[in-house]
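Numbering (the working numbering), first residue to last: 6 to 203. C-beta: ideal position from N, C-alpha, C; glycine also. What follows is a short report on a single structure.
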């Protein structure tokens, strides 16, 4: 094969692959599931809320480097979100990953039911009742799914608001604990008299 023949074949190949790619992208756009977009957007919102909570403790340039799972695990480890929120977001993340990594993925009734199970795994009976009323089997599947993932984002939003409300209380408790710890160390090392230990 001459160099000229190689470049002719190469140009034909480029034209073919560009056409094929355009065809594949067009097919993907025609077959796209509206739930894909909603899932990805909700996931971004949830991650933004998680970052906002963590940015109260860490520099933003550090939290930007964390993966979604790192952020989620830090939040539960720091006791900033409830176990119910953790389980719901963790399972929602699994669904989002399936949408992100499999072009033809469609969420199933089984997956939706499992997400609803995670959402209602709470000791709050009023919350459980609200979820059951809000997302019942009489509603069309896509709408049920939309409502379920809106509850996932509502959970992190609720925990974020609770965090702000409780932050000052927790801060005071931590400061008080740290102060006592330092004073005890100073007393042990005889830097101060234990009569000043209030």
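Query raised in the report: So which of 9, 14, 43 and 20 has the shortest CA-CA distance to residue 148?
Result: Cα-wise, what sits closest to residue 148 is 43.
Query raised in the report: Under the three-state reduction of DSSP, which class applies to residue 125: helix, strand or coil?
Result: Residue 125: coil per DSSP, three-state reduction.
Query - For residue 96, the nearest candidate out of 77, 120, 74 and 109 (CA to CA) - result: Of 77, 120, 74 and 109, the residue nearest in Cα terms is 120.
Query - Residue from 134, 40, 52 and 185 with nearest C-alpha to residue 70 - result: The residue from 134, 40, 52 and 185 with its alpha-carbon nearest to that of residue 70 is 52.
Query - Coil, strand or helix - residue 83 by DSSP - result: If DSSP states are grouped into helix, strand and coil, residue 83 belongs with coil.
**Report entry** Residue burial classification, residue 54 (beta-carbon count within 10 angstroms, cutoff 16)
**Finding:** So residue 54 counts as buried.
Report task. Verify whether the separation of the beta carbon atoms of residue 77 and residue 68 is less than 7 Å. Result -> No, these two residues do not count as a Cβ contact at 7 Å.
Query - Beta-carbon separation (whole angstroms), residue 123 vs residue 93, contact threshold 8 Å - result: Sure, about 5 Å apart at Cβ, within 8 Å.
Query - Contacting residues, own chain, Cβ-Cβ under 8 Å from residue 125 (five flanking each side not counted) - result: Within its own chain, the residues whose Cβ lies closer than 8 Å to the Cβ of residue 125, once the five positions on either side in sequence are excluded, are 132, 133, 136 and 137, listed in chain order.
Report task. Note down the Cα distance separating residue 100 from residue 112, rounded to an integer number of angstroms. Result -> Here the alpha carbons of residue 112 and residue 100 stand approximately 7 Å from one another.
Report task. Using a threshold of 7 Å, state whether the C-beta atoms of residue 159 and residue 140 are closer than that. Result -> In this structure, residue 140 does not lie closer than 7 Å to residue 159 by Cβ.
Query - Same chain, Cβ closer than 6 Å to residue 61, five either side skipped, listed in chain order - result: Within the same chain, residue 61 has no close Cβ partners at all.
Requested in this report: Would you tell me roughly how many angstroms separate the C-alpha atoms of residue 155 and residue 193, rounded to the nearest one?
Outcome: Taking the straight line joining both Cα atoms gives about 54 Å.
**Report entry** Run of the alpha helix (DSSP H) containing residue 108, from where it starts to where it stops
**Finding:** Under the DSSP assignment, residue 108 falls outside any alpha helix (DSSP H); it carries neither an H nor an E label.
Query raised in the report: In whole angstroms, what is the alpha-carbon distance linking residue 104 and residue 40?
Result: One C-alpha to the other measures close to 9 Å.
Report task. Could you check if residue 7 is buried or exposed, using at least 16 other CB atoms within 10 Å of its CB as the buried criterion? Result -> Flag for residue 7 reads exposed.
Query raised in the report: Comparing alpha-carbon positions, which option in 9, 10, 47 and 18 lies nearest residue 151?
Result: Among 9, 10, 47 and 18, the Cα nearest to that of residue 151 is on 47.
Query raised in the report: What's the C-alpha gap between residue 106 and residue 80?
Result: Roughly 25 Å between the two C-alpha positions.
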